Amino acid sequence: MNRKIQVAILLLVILTSCKKKDTPEPPLSVDINSISLFTTETHQIVATGPKKIEYSSSDDYFATVSNTGYVNARKVGYNVILVTSKNETITVTCTIKGRVNLYHEPSISWGDSRGSLISKLGTPDYQSQTAIGYFGTTPGLMATLYLFDGNDRLDASSVAITMPYTADLESFLSERYVPYDQGVEFDSFYLNAFEISKASLSVGTVLSDDSAYWMVIYLPYPPVKITAKTVDHVTKQVNLCIK
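Here the numbering used here = 1-based position in the sequence shown + 180.
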């Protein structure tokens with residue numbers, strides 16, 4: 181009798197063990213598929229399913245994510261958070277917004293021809309041998325300027341912002357770029373990366389001679405060379421455009 185009981189118990193244990201092994205893990209799921217945050221805001225992604233869930237960010241410049249799904253918004257832009265477990269991956273789109281939207285940033289499609297830019301932007305309000313300009317249409321924005329090299333290809337862009345919007349300008353740039361102490365020719369200098377080696381764009385500000393407005397100069401990074409002559413050339417073209 182005891183032997184029969186032992187066999188029954190053993191069979192029960194085996195069957196229970198098999199049942200546990202055959203029970204599939206629940207599918208991976210998240211509580212939200214898209215999030216919209218302002219810079220410096222955070223959000224907790226709640227994922228359920230398998231025991232081991234991993235999180236990764238498509239670009240840490242815009243937003244980071246911890247190993248528990250805690251998202252930290254850094255710079256204005258668009259990002260994707262990947263939630264992964266085994267062979268399953270769910271994407272959570274992440275839009276990072278700025279609290280200050282002072283102006284629409286100029287084109288930085290370096291190498292574009294003058295004709296190509298004009299076809300996209302319309303007839304310029306100002307045109308010279310080396311630049312085209314458009315008058316501002318929003319408060320604080322005086323003008324947007326595009327400068328060309330000897331082959332008539334875009335190699336710098338600039339906007340002019342009036343002095344009363346100085347604080348807004350600082351916030352606007354800080355929400356989009358990382359400040360550095362590298363631009364000796366500028367009053368302030370920013371890059372589009374937290375590590376200099378990863379930067380592809382520089383943004384510098386220069387105060388006009390009459391202290392009436394700021395020139396915000398966009399250049400490829402690393403540049404061939406940023407000199408006082410480069411800044412002076414941009415300054416001259418901006419002055420000609422707005423005066």
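Every residue gets a Cβ at the ideal spot worked out from N, C-alpha and C, and that includes glycine. Since the model is a prediction, treat every value here as computed from it, not as a measurement.
Item                                                                                            : Value
Straight-line Cα distance separating residue 327 from residue 302                               : 16 Å
Secondary structure of residue 340, DSSP reduced to three states                                : strand
For residue 345, the three-state DSSP class (helix, strand or coil)                             : helix
Backbone CA spacing between residue 208 and residue 349 [nearest angstrom]                      : 43 Å
Continuous beta strand (DSSP E) stretch holding residue 384: start and end                      : 381-387
Limits of the alpha helix (DSSP H) - the one that residue 277 falls within                      : Here residue 277 belongs to no alpha helix (DSSP H); instead the beta strand (DSSP E) covers 268-277.
Boundaries (first-last residue) of the beta strand (DSSP E) holding residue 214                 : 214-218
Euclidean distance between Cα positions of residue 331 and residue 400                          : 17 Å
CB contact flag (residue 260, residue 273, <8 Å)                                                : yes
For residue 224, the three-state DSSP class (helix, strand or coil)                             : strand
Residues near residue 237 by beta carbon distance below 7 Å, same chain, minus five either side : 243, 244, 245, 259 and 261
Distance between beta carbons of residue 253 and residue 220, contact taken as under 8 Å        : 6 Å
Straight-line gap, residue 411 to residue 305 (C-alpha atoms, nearest Å)                        : 22 Å
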